[in-house]
Every structure is written in structure tokens, then in C-alpha cells.
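Numbering (the UniProt record's numbering), first residue to last: 1 to 414.
Report on the structure given below.
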Amino acid sequence: MALKIDDLPGAIRQAKKELRAALPNYREVFADVEKAISAEAKRIAQQRDRGEDVIPEIQFSGISEQRVTADQVALVKARGACVIRNVFPRALVQGWDEDIARYVERNNLDKRLENRAEDKYFGQLASSKPQIYGVYWSKPQVLARQSASLTVARVFLNRLWRNESEGRVHFDPERVPVYADRLRRRPPGSASLGLSAHCDGGSVERWIDSNFRKVYRHVFAGNWRDYDPFDAAFRPDVQEIASPAVCSMFRTFQGWTALTPQGPGDGTLQLVPIASSMAYILLRALQDDVAEDDLCGAMPGRALSIKPEFHAPLFEALSSIPKMEAGDTVFWHSDVIHAVEDEHTGAGYSNVMYIASAPACAKNDAYLKRQLPSFLKGESPPDFPADHFEVDFTGRATADDLTPLGQAQLGFDL
Numbered sequence: 001m002a003l004k005i006d007d008l009p010g011a012i013r014q015a016k017k018e019l020r021a022a023l024p025n026y027r028e029v030f031a032d033v034e035k036a037i038s039a040e041a042k043r044i045a046q047q048r049d050r051g052e053d054v055i056p057e058i059q060f061s062g063i064s065e066q067r068v069t070a071d072q073v074a075l076v077k078a079r080g081a082c083v084i085r086n087v088f089p090r091a092l093v094q095g096w097d098e099d100i101a102r103y104v105e106r107n108n109l110d111k112r113l114e115n116r117a118e119d120k121y122f123g124q125l126a127s128s129k130p131q132i133y134g135v136y137w138s139k140p141q142v143l144a145r146q147s148a149s150l151t152v153a154r155v156f157l158n159r160l161w162r163n164e165s166e167g168r169v170h171f172d173p174e175r176v177p178v179y180a181d182r183l184r185r186r187p188p189g190s191a192s193l194g195l196s197a198h199c200d201g202g203s204v205e206r207w208i209d210s211n212f213r214k215v216y217r218h219v220f221a222g223n224w225r226d227y228d229p230f231d232a233a234f235r236p237d238v239q240e241i242a243s244p245a246v247c248s249m250f251r252t253f254q255g256w257t258a259l260t261p262q263g264p265g266d267g268t269l270q271l272v273p274i275a276s277s278m279a280y281i282l283l284r285a286l287q288d289d290v291a292e293d294d295l296c297g298a299m300p301g302r303a304l305s306i307k308p309e310f311h312a313p314l315f316e317a318l319s320s321i322p323k324m325e326a327g328d329t330v331f332w333h334s335d336v337i338h339a340v341e342d343e344h345t346g347a348g349y350s351n352v353m354y355i356a357s358a359p360a361c362a363k364n365d366a367y368l369k370r371q372l373p374s375f376l377k378g379e380s381p382p383d384f385p386a387d388h389f390e391v392d393f394t395g396r397a398t399a400d401d402l403t404p405l406g407q408a409q410l411g412f413d414l
């Protein structure tokens with residue numbers, strides 16, 4: 001169910017009034033948060049500048065053979081992100097990339113893109129034109145989503161969360177529903193086509209929606225050190241403001257699978273690898289230098305923008321992910337700040353398939369019921385601009401391409 005706000009400035013003023021009344025020492029609490037987050041950002045920046053990895057890396061074989069150590073898990077949870085290496089064989093993924101190139105060329109996608117629906121979701125970001133294709137149902141995308149290996153990886157990621165707390169079971173980590181998402185195909189030499197720093201999964205709602213407030217109950221109560229970004233309590237109950245490209249599923253991790261080799265400088269992903277940084281963002285908006293009807297520039301139905309004028313300490317930790325090979329994956333917590341480099345200065349295409357990790361819960365089952373007809377008709381999924389490019393595409397995946405696992409993940413049995 002979508003959240004509707006008729007008077008946004010009034011709703012923001014009221015939310016601030018209520019949150020400050022519940023936390024009279026909001027200035028002192030924020031000062032404590034700022035000190036801790038700034039110190040962590042500096043530590044990450046120093047580590048990065050020494051040439052050390054700041055995004056944890058795990059071999060897929062370590063997951064499949066249950067050899068991931070407690071220290072590795074702790075680091076993934078602290079950083080809110082990880083690279084999982086060799087999820088797919090390189091040759092297989094290289095073939096997929098070639099298949100996708102033929103799929104978009106055969107069906108004249110470039111010409112259709114000239115008439116695509118405007119994606120307003122990224123509209124307020126300083127850089128807002130990533131080369132993302134509104135393609136969801138190519139055979140490689142469908143095969144990757146339903147693959148046994150990626151399913152094992154996503155179950156591992158789901159299980160990093162506390163799925164039972166506050167006397168309730170929040171989700172089933174073993175079931176991995178499909179959230180059909182797009183492709184990025186970025187040619188070498190492209191400039192100013194990135195995305196500036198932002199978070200997905202809710203903007204003004206985080207302060208206004210009652211269930212979002214419960215997600216961040218410890219932060220808003222001033223006990224921010226008790227806040228666990230991996231406690232799923234109330235997350236499947238939040239309400240987002242409906243908008244094209246606003247995700248209405250509960251994702252434990254956003255993610256993508258590399259279709260080509262790519263690394264720093266290739267127009268790749270950047271992260272602020274601090275899982276608890278949302279505590280800083282939430283309390284920053286309550287401070288006295290922010291206008292009463294403003295939440296540090298947050299806009300409904302848009303990505304939650306992270307701005308240097310409000311969130312300067314976080315930018316120190318903004319780091320490009322390490323070199324990726326075809327078949328590697330990267331995942332980041334749904335509250336982690338991320339961006340895309342403006343310039344691709346590399347030599348080859350920088351291509352990815354966006355495939356997130358999500359668990360089974362009532363919120364996600366409801367989305368699957370809305371998404372399944374889109375697959376069957378070849379239409380754009382409900383959360384995305386209604387371009388429907390693939391309705392008449394030659395070579396589009398159909399139900400005949402699904403395994404039993406693929407059928408279950410798309411919700412055929414709901």
C-alpha cells in the first residue's frame with residue numbers, strides 16, 4: 001500500500017515537531033553520531049588511500065561450501081556491502097553479454113529509447129543520466145535470476161539479517177523472490193552519465209511513515225548505538241510514496257552482476273561502506289540549521305539525495321568498488337549510500353545486470369502478484385516507467401525458459 005501525503009511541507013514540520021519532542025536532546029545525540037561516523041569515515045578513507053580493500057570480498061565457493069568465517073560476516077555487516085567473486089563462470093557471462101547486445105540491437109532498442117518515459121526518480125541528483133536500459137526480460141537476465149548459484153548467494157545475504165525480533169518473524173530467508181530490474185550498458189568514453197550519492201528505498205517517508213520510524217526506533221529514541229541495520233523488524237511494513245522506479249519490495253541488499261570486466265575509473269559503483277550511516281542522515285535533518293519544512297533536500301518519489309552541504313563527513317568514505325570480472329557480483333545494504341562515477345575512462349563496455357537480494361514476506365509476495373503479468377506480457381514491471389519496450393521483442397524470455405525454481409521465484413505458485 002502506497003503512502004500518500006497531501007501537504008508535504010506541513011507533514012515535514014509535524015514530523016520534526018514530533019521527533020524532537022520525543023528526543024529533546026537531539027543536538028547532543030547528533031553530535032555523538034557525527035563524531036563516531038566521521039571517525040569511521042576517516043578510517044575507511046585512510047585504509048582506501050593506502051591501497052587496502054574497503055569493500056569486503058568473499059569467494060562464492062566459500063559461501064557454497066559454508067567456509068565464510070565469523071570475522072568475514074562481521075566485516076560485511078559493518079561495511080554494509082560485499083563483493084562475491086566467481087558466482088558465475090566467466091565464459092558463460094561473456095556469452096550472456098553478447099546475447100544481450102544482439103537482443104537490444106535486433107529489436108532496435110536504441111531507436112525506442114528516444115521515446116522512453118522520463119525517469120524522474122533520479123531527477124534531483126547532480127548527475128542523473130546513467131546509461132540504464134529499460135530491459136527486464138532478456139533470456140540472460142531471467143537465467144541469471146533463477147540460477148542456483150546466485151540463489152545460494154542471496155540466501156546467504158538474507159541470512160545476515162535478523163528475520164525474527166520484536167516477537168515476530170519478518171521474512172523467510174530461504175525463499176528468494178525475483179525483483180526484475182534493468183541493465184546498464186555503458187560505452188567507454190562516456191562522461192557525466194553517473195549518479196551522485198543517494199539512498200534508495202524511501203526518502204521523506206523515513207521521517208514521516210510510522211513504520212519507518214519504528215525501523216529506526218533506536219535512533220529516534222537517542223539510543224543510536226542500539227540501532228542494528230540488519231534487524232528486519234518493521235521493514236516489510238513500511239509504506240513508500242508510489243513513483244516510477246521507487247522500489248516497493250523489501251530488499252535486503254541491492255546488487256548487480258558484472259557482465260564485463262570493470263573497475264575504478266570505468267564509470268563503476270561507489271559506496272559509503274558504513275552500514276549505520278542512516279543514523280547520521282536521519283538525525284542530521286532534525287538539526288536547527290535545516291529549514292522546518294525541509295529534510296536536507298529529500299523529495300517525495302525520488303532517490304534520497306546525500307548532499308555535501310549537509311552530509312560532508314560521509315563523502316570522505318565514498319569509495320569505488322574494486323576491479324570486477326565478468327561473473328562477479330556486488331551487493332550493498334538497502335540503506336547504504338551509493339553513487340556511480342561520472343566518467344568511464346576505460347577501454348571497454350562497463351555492463352551489468354541489476355539483480356537484488358530479497359526474501360519472501362507478505363510485502364514481496366504482493367509485489368510478485370503485480371509483477372508476474374508483466375513477465376508474461378513482456379511489459380515493464382510495476383515499479384518502473386511504463387515503456388513496455390519488450391512486448392514485441394524477438395527472443396524475449398517466456399515461461400518456457402523457467403526452471404521450477406524460476407517459476408517459484410516469479411510467484412507462479414502464489
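Cβ coordinates follow ideal geometry from the N, Cα and C atoms, glycine included.
Residues bridged to Gly297 (per DSSP):
Numbered from 1 along the sequence shown, position 297 holds the residue referred to as residue 297. Answer by DSSP bridge pairing: none, since Gly297 is not bridged.
Between the Cα of Pro24 and the Cα atoms of Leu283, Ala397, Met299, which residue gives the shortest distance?
The residue you call residue 24 lines up with position 24 of the sequence shown. Looking at the Cα atoms, Leu283 is the closest of the given residues.
What residue range is occupied by the uninterrupted beta strand (DSSP E) comprising Trp207?
Here residue 207 refers to the residue found at position 207 when the sequence shown is read from its first residue. Segment 205-208 is the alpha helix (DSSP H) holding Trp207; no beta strand (DSSP E) there.
Pull up the CB-CB distance for Gly267 and Val330, whole angstroms please, since I reckon it's below 8 Å.
In the sequence shown, residue 267 corresponds to position 267, counting from 1. In the sequence shown, residue 330 corresponds to position 330, counting from 1. Their Cβ separation, rounded to whole angstroms, is 14 Å, which puts Gly267 and Val330 out of contact at 8 Å.
In this structure, does DSSP put Leu271 in helix, strand or coil?
On the sequence shown, residue 271 is found 271 positions in, with the first residue counted as 1. Residue state, collapsed to three classes: strand.
Mind checking which residues open and close the alpha helix (DSSP H) that includes Trp96?
Translated into the one-based positions of the sequence shown, residue 96 becomes position 96. Here the alpha helix (DSSP H) through Trp96 covers 90-106.
Considering only their Cβ atoms, is the gap separating Ala81 from residue 415 smaller than 8 Å?
Because the chain in this structure spans residues 1 to 414, residue 415 falls outside the shown range and cannot be described.
Using only the alpha-carbon positions, how far apart do Tyr136 and Ala232 sit?
Mapped onto the sequence shown, residue 136 falls at position 136. Mapped onto the sequence shown, residue 232 falls at position 232. For Tyr136 and Ala232, the distance between alpha carbons rounds to 28 Å.
Can you give me the C-alpha to C-alpha distance between Leu19 and Asn86, rounded to a whole angstrom?
Reading the sequence shown from its first residue, position 19 is the one you call residue 19. Reading the sequence shown from its first residue, position 86 is the one you call residue 86. Between Leu19 and Asn86, the C-alpha separation is close to 45 Å.
Rounded separation between Val68 and Phe156 - CA only
Taking the first residue of the sequence shown as position 1, residue 68 is located at position 68. Taking the first residue of the sequence shown as position 1, residue 156 is located at position 156. Spanning the two alpha carbons is a distance of roughly 10 Å.
Can you tell me whether Tyr136 is helix, strand or coil according to DSSP?
Indexing the sequence shown from 1 puts residue 136 at position 136. Coil at Tyr136, not helix or strand.
Using 10 angstroms around the beta-carbon of Thr403, count the other beta-carbons present and answer buried if the total reaches 16, otherwise exposed.
To locate residue 403, count along the sequence shown from 1; it is residue 403. Exposed, since its Cβ has fewer than 16 Cβ neighbours within 10 Å.
Does Phe156 come out as helix, strand or coil in the three-state DSSP assignment?
In the sequence shown, counting from the first residue as 1, residue 156 sits at position 156. It is helical.
Go through its chain and collect everything with a Cβ distance to Asn163's Cβ below 8 Å, but skip five positions before and after it.
In the sequence shown, residue 163 corresponds to position 163, counting from 1. Contacts found: Val169, His170, Phe171, Asp172, Pro173, Ala232, Pro359.
Quick one: is Glu205 buried, meaning 16 or more other Cβ sit within 10 Å of its Cβ, or exposed?
The sequence position of residue 205 within the sequence shown is 205, counting from 1. Result: buried.
Where does Asn364 fall in DSSP's three states?
Reading the sequence shown from its first residue, position 364 is the one you call residue 364. Note: Asn364 maps to helix in three-state DSSP.
Chain-order list of residues whose beta-carbon lies under 7 Å from that of Thr398 (same chain, five-residue window excluded):
Along the sequence shown, read from residue 1 onward, the residue named residue 398 stands at position 398. Contacts found: none.
Quick check: the stretch 1-20 against the stretch 276-294, are at least 3 beta-carbon pairs closer than 8 Å?
yes
On the three-state DSSP scale, how would you describe Met278?
Within the sequence shown, the letter at position 278 stands for residue 278. In this structure, Met278 counts as helix in the three-state DSSP scheme.
Per DSSP, residue 416 is paired with what?
Not covered by the structure: residue 416. The range shown for the chain is 1 to 414.
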